[in-house]
Structure formats: C-alpha cells, structure tokens
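Structure first, commentary second.
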Amino acid sequence: MSSTEQQTAYFIPEPSPWPIVGMVSLLTTLIGAALTMNGVAVGRYIVIGGLLLFAYLLFGWFRDVIAENLADRYNRQVDRSFRMGMFWFIASEVFFFLAFFGALFYIRNVALPWLGGDGYLGATREILYSQFNPAWPSHGPGALGGTFTPMGAWGIPALNTLLLLSSGATITWAHWGLKQDDQKTLVRGLMATIALGLLFVVFQAYEYFHAYGALNLTLESGVYGSTFYMLTGFHGFHVTMGAIMLMAILGRSLKGHFSAHNHFAFEAVAWYWHFVDVVWLGLFIFVYWF
Amino acid sequence: MSHTSTLHDVPHHHANPTGWRRWLFSTNHKDIGTLYLLFALAMLFMGGASAMLIRAELFQPGIQLLDPDLYNNLVTNHALLMIFGSVMPAAAGLANWMIPLMIGAPDMALPRMNNLSFWILPAAGTMLILSFVVPFFPGGGSQINTGWTLYPPLSIQVGMSMDFLIFAIHLLGISSVLASINIIVTLLNMRAPGMTLMKMPIFCWTWLVTAFLLILVVPVLAGGVTMLLFDRHFGTSFFDAAGGGDPVLFQHLFWFFGHPEVYVLLLPSIGVLSHVIPTFARKPLFGYKSMVGAMIAVGTIGMVVWAHHQYTIGMSLGAVSYFMIGTIIISIPVGLMIFNFIATMWRGAMSFETPMLFAVAIILMFTFGGLSGVMLAVVPADMQYHDSMFVVAHFHYVLMPGAVFGLFAGVFYWLPKWTGHMYDERLGKIFFWINVTGFNLTFFPQHFLGLAGMPRRIIDYNVMFTEFNVISSIGAMIFGFSHLLLLYIVIKTIRGGEPAPSRVWEGARGLEWEVASPPPFHTWETPPPIRQEQSA
Amino acid sequence: MCRRFTTVSGLIPLITGLVAGLSVTHSTQAEYGINFPPPAADVAQEIYDIHMLTMQIATFLLLVVFSIVIYSLYFHRKSRGYPADQQFHNTWFGNWSWVIVPALVLGVDLTIASNADAVLKKVWDVPKGEKLMDVKVTGHQWWWEFDYLDYGIKVESRYTPQEQAGDLYLREVDNRLVLPTNTKIRFLHTSADVLHAFWVPELAFKKDAIPGYVTETWSELNREGVFRGQCAELCGTWHSRMPLVVESISEEKFQAWVADQQAIKVAAAAEAAATKTWSREELMAKGKTLYETKCAACHQLTGQGLPPAFPPLNGSAIVNGPIEAHFNLVINGKPGTAMQAWGSLNDLEIAAIITYERNAWDNRTGDTVQPTDVALAR
Ligand code: HEA
Ligand code: HEA
Ligand code: CUA
Ligand SMILES: [Cu+2]
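Chains as they are written, first to last, in our numbering: chain P, 2 to 291; chain H, 10 to 545; chain R, 7 to 384.
The following block contains the structure:
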C-alpha cells in the first residue's frame, strides 16, 4: 500500500508520446480503410501500417501504466478514477450495441409491418408489393440474397450460451482466488475462461461457415442477414478483444503483478467480460430465439 | 496564493516541459484546454468561411459562384465543422481549463487520455477536410451533397468521400466519448474535500450532464453510420426497403443522437452564463438547486423526443402526439433556467462588461429561438415549417446565442485569467455590437423566407425570395467579418495588456479566482479548503 | 458608451441592408411573403390557425421576457447606484419560484398542446369509409410523377427552364398537377430513388416520399387557383429544381381534362404499338425531345454530363459500344446510383432515345434502333 504522503498528493503522469502515436495510427488506419473500400490498392498496406502502429501504441501505453503501477505511484484516488473510467466506457459500449438492437426492434416491429400493409399506413403493400409476406425472418420484398434458412437457436448458439455463462463463472472463481491471494486458483480460473472464450469464437466461426455455405444465409440476405451478422459480428469481435485482454492479464498474473488489494486491471477485464456475456444473452434471446 | 504552493513536493515533477513536447505530449489540463480552444477557433473560421460562401451564393437568385453539389458539400461541411469542430471542442476546452480550477483538483483525472481525446480531433478534422476535397482529385467520386444529416439513400449514392466522412464521425465520436469519461470521472472523483456535489459550481454541473448525454448518444450515432458504411460497401440492407430495411431507421438513429446533441451544445454555455450573470449582477445565482434540477430534466427529456425532426415521415397519430407533447414540455426546464437568469439580474447591481453584454443578448435571443422551437414542435404547423428556411432561422437563433455567444462570453470572462492580461474592453464592446447586429440581420429575415415557402438546402431560388436573402447575406458578411475583430482582440490579449489581478472581476466568486492570473503550471497540488460562500 | 455603439453600428448595416435589398433587385412585382399564403383547403385553414395561435403566444411571452429584462437592465445597474439585494433568492419568492414558474409554463404548454392535438386529430388520418380520389405522387431525381389511380392517367412534371418561365423560374413546371375542388383527395407519396418531400404551402402539409414505402396525406381543395410549392427534402444535385404546381379547377373542368388526357394516352399507345419501321430522322427527332426532357437534367443537353456525379454520354464507352449493354443500362438503370431504370418508357420511346444518343453530338455509331429491338432486349 502507498504511504500516507502519496495519499494526499495527487498523481500526474509525465508528458507522454502515446496520444500522438494513437492519433497517427487511427488516422492512417482509417484513411487506408476508406481507400481500400473504394478499390484503391495501396489502401490495404496503409491499413496494415496503421494497425501495426496501433498495436505498438497499446503495447507502449500499457507498459507505461504497468510500470507506474508497479512503482507504486498510484494511490487510491487514481485507482478509483481508473475504475470509474472503465465503468463509463462500458456504458458507452452498451449504447453502441443498443443502436443495433434498436435497429432490429425497429425493423421487426415497425418497418416490416409497414411494408406488409398492417402498419398504420396501410397502402404500402397494396400499392407496391401485392405478394409480400412480412413475417420474420425476412429478406424483404426484393427477396435479396435468395432463399435462406434462418439460424436456429438450439444448436451451436445454445452451446455457446452455455460456454459464455460458464466462462463468467470461471472468471468469478479466478477473482475469488485473487482476493484470497491464491495464485493457483487465479491462474487456473483465467486459463479456463480463456479456453471457454476461444472455444466460443471457434464455434461462432464454424456457425458463420455453416450459414454461408449450407444455409445460404449471408450479409446480403436482406435485413435478417444484416442484423444477424452485424449483431453477432460485433459481439464476436468484442469476445475476441476480451480474450486477448484476458491473455494479457494471465501473463501479468503469472508474473505476480496482482495482489489481493491492487488488481484494477484484472477487474476491468472481468467487467468487460461480464458485459460481453450480458450482450450475448440479449443476442441469444432476440436474434436466435424469438 | 497559499493553496498553490506545493507542501509535499511530489518527486516526479521535474522541470515544466517546454518546446514542442510541451504541446504534443502534454498531460496538463491547461495546455490541453488551450489546444482545444485554438483548434475550435481555427474550425470556426473554416466553418465560417463556408457559411460566407453559402450566403454569397444565396445573395441573388440564380447560380453564380458554386455548382449545386459544391453548394451542398459546403452546407454539409459548414454544419459539421461548426458543431463538431468548433462548438464542442471549444466547450471541451473551457471544461479542461476551468473544471480542475473550479473544483480544486490538480488536473483532470486521466491526463494522458485527456491528451488523446484532444489529438484525435485534428485527425478527425483531417478526415473531414479530406471528405470535402477528395472529389476534386481524379477518381475521387462525387461530392457529399446530403447535408449534415446524411440521410440514406442519398448518402449511399455519394462516392468515396462519404467513407471519409463516416470515419471522421467515428473519430469525433471516440474523442467526445473519451473526453466525457474523463470529465465525469474528474467531477465525481477529484473534487476537493468538502466540495459536495451540491456545492459544485454550476459550470461543472452542466458539463456533468453534458458528458452523460454524450456517452449515451454518441455511440448510437457511431452505430448508425457503421450501418451506413455496411449498406454502402458490404451488401447489407438496413436502409433499403427491397431487403426489408427502412431509410427512416437511419433518421431515428441519427436524431436519437441529434436531439440530445443540441443540448450538448447548449448546456456548457448555460454553465458559463451561470457564472457570468452573478458576477456582473453582484449577487448570487438565483435558484442553484432548481438550475441543477432543470438541466437534469433537460437531459432526460431531451433523450426521448428525437422524432420531432421527423414529423413528416409518416408516423401514427399516437406517436406524433407523444413526440409533440414531450418536446413542448422541454420549455419547462429551459424556461426555468431563463427565469433564474433573469431573477439573478433582478435587483442586482449590474455593470456591462463584454461578457455580461453577451449574457444579456443570449437571454433575449435564445428565448426567441427557443420559442420558435416550440412553434416547430407543434406537429400540424411543422407540416409547413419542416425543411424550410424557418427551421434554419430557428436553429441559428438557438445555436448562435445558446452555444456560440455563450462560449464568447466565457472566453471574455476567463481570458484575463488564462493570459494574465486584461482584454481591451472598448474593442470587446465594439465586437459585441457589430456581432449581435450582424447576427440578427442575417437570421431574422430567414423566418419570413421559410414561412413564405423557401425550402432549405437549395442553391437557387425564385425571385420572390430575393429581398430577404439580400438582407440576410449582407448581415452575414458583417457578422462574419466581425470575427476578425475577435481574433485581433484575442491575439492582442495574449501578447500583452494591463496585468490582471487574481480576482479579475469585482463580483466573481469561486476557487478559480483564488489562483494567480495566469495560474501557475500546476495548481491545487494540495486540495484547497472549501468555504461556504465559494460555491454556488 | 454602450448606447453610442448601438446607434452607430446597429443602424448603418440595417439601412445599407434595406437600401441594397430594395435597389439591387429589379423584381418590382414580386410578392413579399412574410407569412403563409392564404390556405386553399379546410385542413390548411386549421393548420394556419394553430400556427397563428402559437405564434401569438410566443410573441406575447417574448414581450414579457423583453420587458422584464429591459426594466431590470435600466433600473438595477451599478452606474445608477442600485444596491444589490443579496437576499433576493432567500425570500418567499426565491424559495417557491421553482414550483411557480414550471406550473405557469406548464399551463401555457398545455394550452398549445391541447389545441394542437385537436387540430392533429382532424388532419392527420385520412378519413375512413369515404370516397376518395387517389393520386399517387412519386418523387424522382428530379421530377415528379403523378398517377391518377382512378383514371389510369399519368402526368410527368418537370421544372421549366428560366428562358420560358421568367419570373416564375423554379415555381413553374411543364405539366401541372391538376386537381378538382370539393373532392376529398388521398395523396399516396412514394419515391423511385432517394427521399423527396411534397410541399405546397396552400395545401399546408408536407410529407416525405420514401423509396419502397408509401405515406399518405389528404386534402379537399375549397377554391380554384394555381398553388406553387417545392420539393422539401434534400434529394441531391438538383433538389432546387423540383417545383410543384397544383392547378385547382372545378369538378366539371376536371372531368373534361381527364377525358383529354385519356385520349392522348390512347393515341400514344397506338403509335407505339404500330408495327412500322421508323426512319432514322423520325427517331432522332422524337429522341431529341425525349432526351431533353428526361435525360438532360443529368447528362446535360450537350451530352457532357456533370462529372464526377453524372458521366458524359458524348464519347461514352457504353453509348458507343455494343448495343446490349446500352439497352440494359437504360432499361434497368444502375442500382445504387442516380441512374434509374427507365423500363417504364414504351418501346418506341426507348428506341428513339437510344437512337438519338448513339448518333448525337460526336457519337457516330450510325445505329437505328427499332421498337421491336427494344421489345426483344427487355
Ligand atoms: C443549441 C441548439 C438547439 C436548442 C437549444 C434547441 C431547442 C429546441 N428546439 Fe431545435 N433545433 C436545433 C438546435 C436546437 N434546438 C437544430 C440544429 C435543428 C435543425 C437540425 C437540422 O434539421 O439540421 C433544430 C430543429 C428543431 C425542430 C425540427 C424542425 C424541423 O426540422 O421540422 C424542432 C421541432 O420540434 C425543434 C424544437 C426545439 C425546441 C422545442 C427546443 C427547446 O429546447 C426550446 C426551449 C426554450 C424555450 C421555450 C424558450 C425559453 C422558455 C421560456 C421563456 C418559458 C416560456 C415558454 C413557453 C411557455 C413555451 N428544433
Ligand atoms: C454551431 C453551429 C453553427 C454556426 C456557428 C453557424 C454559423 C453560420 N451559419 Fe449555419 N448551419 C448550421 C450550424 C451552424 N451555423 C447547421 C447545423 C446547418 C444545417 C446544415 C444542413 O442543412 O445540413 C447550417 C446551415 C446554414 C445555412 C442554410 C443552408 C441551406 O440550408 O441552404 C445558412 C444559410 O444562410 C447558414 C449560415 C450561417 C452563417 C452566415 C453563419 C455565421 O455565424 C458564420 C459566421 C462566420 C464566422 C464565425 C467565421 C468568420 C470567417 C470569416 C470572416 C471569413 C474569413 C475567413 C478566413 C480568414 C479564412 N448556415
Ligand atoms: Cu426532390 Cu428535393
Ligand atoms: Cu431536436
């Protein structure tokens, strides 16, 4: 624990080059992405360059933070700032997902009924599409992407739900171990969580493969395909990020960076993992099940 | 100044950074605040230059200077530069400078992230400018002619510059979310001991509410433009009826962000006024608690009334009634704020330095713009007003007084504190009068244009609209060029002038007036004691 | 000091502005619009009244705020030696104003909202169970299509260029939307490409045209006359060139107009169906007119287009290349761009346009396309 002196004094980091590196990496990545999407060949290399720089940034920034932490330069107040910061960051992520869930609800409850003629304005179907059946899952009056089979809930998705829920339990177990200063439980719990997370990603990848091939369910399959892939895709991306973060935490645990009282990084990742878990429950219920 | 002296000299404070490193690598809230403000000023001039071109084109009927796509490209750019490039960063700059001083904190809670949220802005600005210029290069595709609302399917027709714009919005979003997190954490975690939330200066309160709004709505916009990106390039059909999507969905996502956004622009300026008016009326702010309550109410109600921008899309009767009543109800908390300002002036001992002049102008003109907002909220009447110049008049009347003038007031109010020099009061007053006259001349006639049937976003109009457009354009030139005077005053003050005392204004209260002008590089390294009268 | 600047800097621009405004423009007969034009339908009258009501309430509130502020500015100032009342916020009023003010504002709000709601109930939904005349209004980039669903008539309406329209430029069209008075009309709004919005102030409503969806409004004209409006939703390059002109005429005249239109339609169909081989000259002449009304908005009279948004047809690879690609592009359009599908034109019209394009300007393919070729290509 920190000395009394450090508790009254505030901590202010020295000037740092990382924000500028961050700015440059984001700018190059995005310029490259915009070019790539419009068929400019060099774009791809710019993206790769930007991403490498971004990885370097993350590495460097976190190295500084870890070093400061190990040098015991943070006091309780700084720790609280980090926690609050992480909390509100996750809140903003929740609202990012809300946009996509909102789109799903809007499409199912407003747009499709309207197209199908029993919305408040009844004439759309009568005037434009006499044949359209607005039942969900739908790929719209234009039947975009061809006939497809929607994804069922009780195969891989149910299994994945199980995986993620148990990973939520294992990370809590690891946390419990950490609070007891029980290094072994911590490491085992983390390893189990990572394994479950990776297994989830593998299943998800297989599911996509299966959907694209056997089910003919693609990104182009009208709104069903759009919402399905965007929601599960962004979630899968978050799981992947979470798994990487867990691996970093595992590495730090092995090095003995965390103590029963000082382990903000661990908790931040755990919160993140629970958030990813909860989003999945939403997905399972609204995307796969109903 | 005893509070600023460092009792415990913290070992890692080496010499203060100098040279380019000081600015590029900064972790100091004052330097970052300055950077924000300078960036905002630069963007104000760029956005203003596009506004001048818009008004020059509209000076006469016919197409003289621009071509139609360029016109709409400028309109888009003007709005985005002003809102995201100028007003929001300027407000963030004030927050950076003043919040730590006001709450007795040594810096923002997360200083490195603070620097990141600033430096993303120039990147976003670059993307924004690229989105504007890319079409002028061979193979650059067509120009962005959608307006700042980016409604599909038109935004799907646009060439690659739209992708630059979408990414610019992502960057702006990241920047404001990070800045907001920082501000929330600072306000909740860094207040000097004894400063309870209900003793916190109102400017801090306005930013607390603003930051919450940003965290909740900006990600939704990011989601919306991400869908747009996928519709453009990856074959999804969120906004395409053929696939079961709906172009209107984008409007919902945009305005779920867009309406709270207008209060994001308004609230920091309300915060500034809550300091300026008591200072120059020489009596405490009337109704501190009701002010806090009102702004929380504005934020909350503001989140659930977004569809008043879309009355014409064909909603059910129930839906439009709900959005209408919700929108009109916002006049209650906003009215309470205006009332509190007037009651603060009432029976005060007022003097009229430049910040106070702006404050009075804001009260009068913002009320005007707010009342035209209530007219717009009335659904049947909005069937007429919508997308006409009347709307343009409304939102410049709320944006300019409600946001920009508030920031001007803040700049004049705190400039002596930041630079240590008094600004030239005489020039300040000249600037005020030209500015306000030019403003009214520009936007007042647009109400008539709208009512008489002139749509917005048109490059060319029928001769019947000529007279008011001429007046408006002349006003705009006066208004625009008055800002060169602002620039001159600011530069002059930075470079020298009568030295300012630490309590710059006779009636000023609060911690920020207890440090020297300009404040030392690091302030409040030990928390100051909070006395009763320092707050509120 | 402040006063001096008011007069100096405030009045000069105002005067210059007004003088310039009046002298620069020569449109002496142009009407000054400062408020809505007089309504031409009961629905519009309702809307006009609610607009006036809220505007009066707003003006009244504004006057109240202005008077209090100006009173205070004058009397409660330091230079007059007024002592600040430090306890004002602790008086009875200071303690309860947070209830009183919202209650008063709520009262005004409810007045506005209840009146508005009453109007809304009358105008919002299309009356049920009555006989309505259906007019489908389709927005295109950048013209309007009106389908009289009950009569099988279709009107295409495009802006009139400045040379012909004169002072009515951007307020005049080639074919007006002709409507009968005293008939309940249901407008069905939709769009072929991007968002547009139908707005004629005298009818007092505005509704978005959304591609793939249909929105509804209704009206009943109560007087004859010509009412002008414009497209009110940004729809791209020539958004400013989408005027709407409603010509309101009596029911008898309307029936006569309908009969005329039906006759014209029959004649055109007969001409297209005629199995004759058209000469190059005939096709070129027809094609030129059609091109100039339908295609020139984007590709320009000169065939130069407006790159990068609209490609030139003069020298275009498609226009000078294999004819199948040309057919395909014109008949099916190009999704995701402003180039719409023109398949609704009849075979003769498409044949004429394509013949024209392939031989106009510097294009010298020498092809003559017959309606039968088009029929095959469909
Ligand atoms: C700072 C920015 C700002 C602010 C504060 C506001 C405030 C308000 N706005 Fe405005 N608005 C915009 C910026 C802003 N707006 C912008 C940018 C657009 C256009 C976007 C685009 O399309 O590009 C827009 C458009 C817009 C529309 C859509 C118009 C259309 O496109 O058809 C509507 C409709 O309801 C509206 C309403 C309101 C209302 C009711 C308020 C209220 O908050 C106002 C409340 C204030 C008062 C009412 C005055 C003070 C109160 C009193 C003196 C008490 C007594 C009052 C009563 C009893 C009524 N605004
Ligand atoms: C905070 C936001 C903000 C601000 C400050 C302004 C400021 C101004 N705006 Fe803007 N405006 C919007 C937000 C804003 N606007 C939005 C959101 C829209 C809607 C866009 C859309 O439809 O999509 C809009 C649209 C809009 C239109 C309607 C266009 C149309 O619909 O066709 C017009 C037309 O008059 C206009 C005019 C002006 C003018 C004259 C100013 C003046 O205040 C500007 C004053 C000038 C300066 C502040 C800078 C000084 C610069 C110079 C003196 C030039 C010298 C230059 C150099 C030395 C490089 N604006
Ligand atoms: Cu059609 Cu604007
Ligand atoms: Cu709004």
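Glycine residues also receive a C-beta, built at the ideal position from the N, C-alpha and C atoms.
Open item on the list: Shorter than 8 angstroms, the distance from the beta carbon of leucine 385 of chain H to the closest heavy atom of ligand 1, or not?
Closed with: yes
Open item on the list: Considering Cα atoms alone, identify which of R/Lys137, R/Glu298 and R/Gln261 is closest to isoleucine 191 of chain R.
Closed with: R/Lys137
- [ ] May I ask you to verify whether the region 158 to 166 of chain R touches the region 217 to 229 of chain R, counting CB pairs closer than 8 angstroms and requiring at least 3?
- [x] no
Open item on the list: Looking at ligand 2, does it come within less than 8 angstroms of arginine 490 of chain H, judged from the CB to the closest heavy atom?
Closed with: The residue asked about is misnamed: residue 490 of chain H is phenylalanine in this sequence, not arginine. Answer for phenylalanine 490 of chain H: yes, Cβ within range of ligand 2.
Task: Within chain P, the residues that lysine 142 of chain R reaches when beta carbons sit closer than 8 angstroms - done: Ile128
Open item on the list: Give me the pocket residues for ligand 3, defined as CB within less than 5 angstroms of any heavy atom, sorted by chain position.
Closed with: R/His202, R/Cys237, R/Cys241, R/His245 and R/Met248
Task: As assigned by DSSP and simplified to three states, the class of lysine 134 of chain R - done: coil
Open item on the list: Counting C-beta neighbours from all protein chains within 10 Å, is the total for histidine 239 of chain P 16 or more, i.e. buried, or is it exposed?
Closed with: buried
Task: tryptophan 274 of chain P: contacting residues in chain R (beta-carbon distance under 9 angstroms) - done: What tryptophan 274 of chain P touches in chain R: nothing, since even the nearest Cβ is about 40 angstroms away.
Task: Per DSSP, cross-strand counterpart(s) of aspartate 153 of chain R - done: R/Lys142 and R/Lys160
- [ ] Check the Cβ-Cβ distances between proline 120 of chain H and every residue of chain P, and say whether any is below 9 angstroms.
- [x] yes
TODO: Identify the continuous beta strand (DSSP E) that holds tryptophan 423 of chain H and give its terminal residues.
DONE: That residue, tryptophan 423 of chain H, is in no beta strand (DSSP E); its alpha helix (DSSP H) goes 415 to 428.
- [ ] Please list, following the chain, all residues that have a C-beta closer than 6 angstroms to any non-hydrogen atom of ligand 4.
- [x] H/His268, H/Val271, H/His317 and H/His318
TODO: Would you grab the beta carbon distance between valine 325 of chain R and isoleucine 356 of chain R for me? Rounded to a whole angstrom, and I think it's under 8 angstroms.
DONE: Actually they are not in contact, since the Cβ atoms of valine 325 of chain R and isoleucine 356 of chain R sit about 14 angstroms apart, beyond 8 angstroms.
Open item on the list: Can you pull out the residues from the region 197 to 223 of chain R whose beta carbon lies closer than 8 angstroms to at least one beta carbon of chain H?
Closed with: Asp199, Val200, Leu201, Ala203, Trp205, Pro207, Ala210, Phe211, Lys212, Lys213, Asp214, Ile216, Pro217, Gly218, Tyr219, Thr221 and Glu222
Task: Contact under 9 angstroms by Cβ, tryptophan 3 of chain H with glycine 267 of chain H - done: Any answer about residue 3 of chain H is impossible in this case: the structure gives chain H only from 10 up to 545.
- [ ] Could you check what DSSP says for alanine 215 of chain R in three-state terms: helix, strand or coil?
- [x] strand
Task: Contact test: phenylalanine 333 of chain R Cβ vs ligand 2 heavy atom, cutoff 8 angstroms - done: no
Open item on the list: Applying the 10 Å Cβ sphere with the 16-neighbour rule, what's the burial state of glutamate 330 of chain R?
Closed with: exposed
Task: arginine 234 of chain R (DSSP reduced to helix, strand or coil) - done: strand
TODO: Mark asparagine 96 of chain R as exposed unless 16 or more other C-beta atoms lie within 10 angstroms of its C-beta, in which case mark it buried.
DONE: exposed
TODO: Taking only beta-carbon positions, decide if aspartate 172 of chain H is within less than 9 angstroms of chain P.
DONE: yes
TODO: Give the C-beta separation of threonine 144 of chain R and serine 197 of chain R to the nearest angstrom, bearing in mind that I take them to be a contact with Cβ-Cβ under 8 angstroms.
DONE: 6 angstroms
Task: Backbone CA spacing between serine 120 of chain R and methionine 473 of chain H [nearest angstrom] - done: 35 angstroms
Open item on the list: Which of the three DSSP states is assigned to threonine 371 of chain R in this structure?
Closed with: coil
Task: Buried versus exposed, by CB contacts within 10 Å (16 or more), glycine 72 of chain P - done: Looking at the sequence itself, residue 72 of chain P is alanine, so the reference to glycine does not match. Under this definition alanine 72 of chain P is an exposed residue.
TODO: Indicate whether at least one CB of chain R lies closer than 9 angstroms to the CB of leucine 9 of chain H.
DONE: This structure cannot speak to residue 9 of chain H, because chain H is shown only from 10 to 545.
Open item on the list: Please report whether the beta-carbon of asparagine 198 of chain H lies at a distance below 9 angstroms from any beta-carbon of chain P.
Closed with: yes
TODO: Identify whether glutamate 253 of chain R lies in helix, strand or coil by the three-state DSSP scheme.
DONE: strand
Task: Neighbouring residues, chain P, relative to leucine 183 of chain R (Cβ below 7 angstroms) - done: Here the premise fails: no neighbours, minimum Cβ distance about 18 angstroms.
Task: Residue range of the unbroken alpha helix (DSSP H) whose run includes isoleucine 191 of chain R - done: First-last for isoleucine 191 of chain R: 190 to 197, but that is the beta strand (DSSP E), not the alpha helix (DSSP H).
Open item on the list: Please give the ranges of any beta strand (DSSP E) in the region 273 to 321 of chain H, keeping only runs that are unbroken, at least 3 residues long and fully inside the region.
Closed with: none
Task: DSSP state of glutamate 221 of chain P mapped onto helix, strand, coil - done: coil
Task: With 16 other Cβ atoms within 10 Å as the buried cut-off, status of isoleucine 72 of chain H - done: exposed
- [ ] Have a look at glutamate 226 of chain R and leucine 185 of chain R and give me their C-alpha separation to the nearest angstrom.
- [x] 10 angstroms
- [ ] Could you name the residues of the region 78 to 93 of chain P whose beta carbon sits closer than 8 angstroms to any beta carbon of chain R, in the order they occur along the chain?
- [x] none
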